[in-house]
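>
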């Protein structure tokens, strides 16, 4: 009887970690519950012209590179 | 377009707090809330470094994963935004964020927390672009005006860069090759590394440009 109990207790100790689950939560795509947002280029002055918006941002992006700006 | 990122060059930041001021002024941020702040490491010790810190708009943002009301979303440019109408101010995102980005204005007596406020990459939120409602809740929408975040555009030494991640990496690479040192990009491995490289024991993320050998004539 005691031996059986000790075996059960031993097995419980050895198998404790088997019930552990990963605790890192992963974001599930599409679970956003809030209001929809429109793309940044959907209004004036770009009025949906994504290419023009990207070009404007790319120009400003390069303005941060003083090696290009001052040459 | 690739995704939007921030990059802070610790070799250039002079702790002027111009980015903090620009952000506060641009969005009329209330007292007690700092969407951006400058952190100095080894302050007063030779070799001290300063870094401008705000929401990095992580690739795999932990705030999005832990939010109990799922008020976070990501734009097609990779900017992490949230809906303040849905936020309950629980503070889980603050505990999850590796950069301490979420801010909570005091909303009443006894230090009651208000709805979370954080850097929006100057791109507003889920309200009509450039409307009063958007400005009051999230601040100015500079991206919709074809501008980059005010903090980066105001940076006097161009230590803080914002925009397309590929372009930033190119600018930074050229800089590092020219000066011959300081190739480590603070925060990029945490914010933009692939999730599989963030597991314990995994190597460093390949996001940061490698440090080159000192250039001839460059200081070491």
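Residue numbers (our numbering), protein chains in the order written: chain A, 1 to 71; chain B, 72 to 291.
Even for Gly, the Cβ is constructed at its ideal location relative to N, Cα and C.
Between the Cα of residue 110 of chain B and the Cα atoms of B:138, B:81, B:132, which residue gives the shortest distance?
When each option's Cα is compared against that of residue 110 of chain B, the closest is B:81.
> Against residue 190 of chain B, what residues of chain A qualify as contacts under a CB-to-CB distance less than 9 Å, listed in chain order?
Those do not exist, as residue 190 of chain B stays about 15 Å from chain A at its closest Cβ, beyond 9 Å.
> Please state whether DSSP places residue 111 of chain B in a helix, a strand or coil.
Residue 111 of chain B: strand per DSSP, three-state reduction.
> How big is the Cα-Cα spacing for residue 12 of chain A and residue 2 of chain A?
So the two alpha carbons sit approximately 15 Å from each other.
> Going by DSSP, what residue range makes up the beta strand (DSSP E) through residue 120 of chain B?
That run of the beta strand (DSSP E) goes 120 to 124.
> Return the chain-ordered list of same chain residues with a C-beta closer than 7 Å to the C-beta of residue 88 of chain B, the five sequence neighbours on each side being excluded.
Cβ neighbours of residue 88 of chain B beyond the five flanking positions: 109.
> How big is the Cα-Cα spacing for residue 134 of chain B and residue 170 of chain B?
Computed Cα separation, rounded: 11 Å.
> Would residue 33 of chain A count as contacting chain B if we go by Cβ distances under 8 Å?
Chain B contact via Cβ: present.
> Can you tell me which of the three DSSP states residue 281 of chain B falls into?
Note that residue 281 of chain B has pLDDT 45, beneath the 50 cutoff, so the model's placement of it is unreliable and the number below is only indicative. Correct three-state label for residue 281 of chain B: coil.
> Please list the partners that residue 208 of chain B has in chain A, where partner means a Cβ-to-Cβ separation under 7 Å.
Correct list: empty, because the minimum Cβ distance to chain A is about 11 Å.
> For a test of the three-state rule: what should DSSP assign to residue 141 of chain B, helix, strand or coil?
Three-state DSSP puts residue 141 of chain B in coil, outside helix and strand.
> Does the beta carbon of residue 200 of chain B come closer than 8 Å to any beta carbon on chain A?
By this cut-off, residue 200 of chain B is an interface position.
> At a Cβ threshold of 8 Å, is residue 242 of chain B touching chain A?
At least one chain A Cβ lies under 8 Å of residue 242 of chain B.
> With C-beta atoms as the reference, is residue 152 of chain B less than 8 Å away from residue 37 of chain A?
In this structure, residue 37 of chain A lies closer than 8 Å to residue 152 of chain B by Cβ.
> Does residue 39 of chain A have its Cβ less than 8 Å from a Cβ in chain B?
Taking Cβ atoms only, chain B reaches closer than 8 Å to residue 39 of chain A, which makes this a yes.
> Check the Cβ of residue 307 of chain B against every Cβ in chain A and list those closer than 7 Å, keeping chain order.
The structure shown does not extend to residue 307 of chain B, since chain B is modelled only from 72 through 291, so no value can be given for it.
> Which of the three DSSP states is assigned to residue 287 of chain B in this structure?
For residue 287 of chain B, the pLDDT reaches just 44, beneath the cut-off of 50, and the residue's location in the model is therefore unreliable, leaving the point undetermined.
> Identify every run of the alpha helix (DSSP H) within the segment 149 to 214 of chain B, keeping only runs that are complete inside it and at least 4 residues long; order them along the chain.
Those alpha helix (DSSP H) runs which fall completely within the segment 149 to 214 of chain B and span 4+ residues are 163 to 167, 203 to 209.
> Hey, could you find the ends of the alpha helix (DSSP H) residue 76 of chain B is sitting in?
Unbroken run through residue 76 of chain B is the beta strand (DSSP E), 75 to 79; no alpha helix (DSSP H).
> What does the alpha-carbon distance come out to for the pair residue 50 of chain A and residue 115 of chain B?
Spanning the two alpha carbons is a distance of roughly 47 Å.
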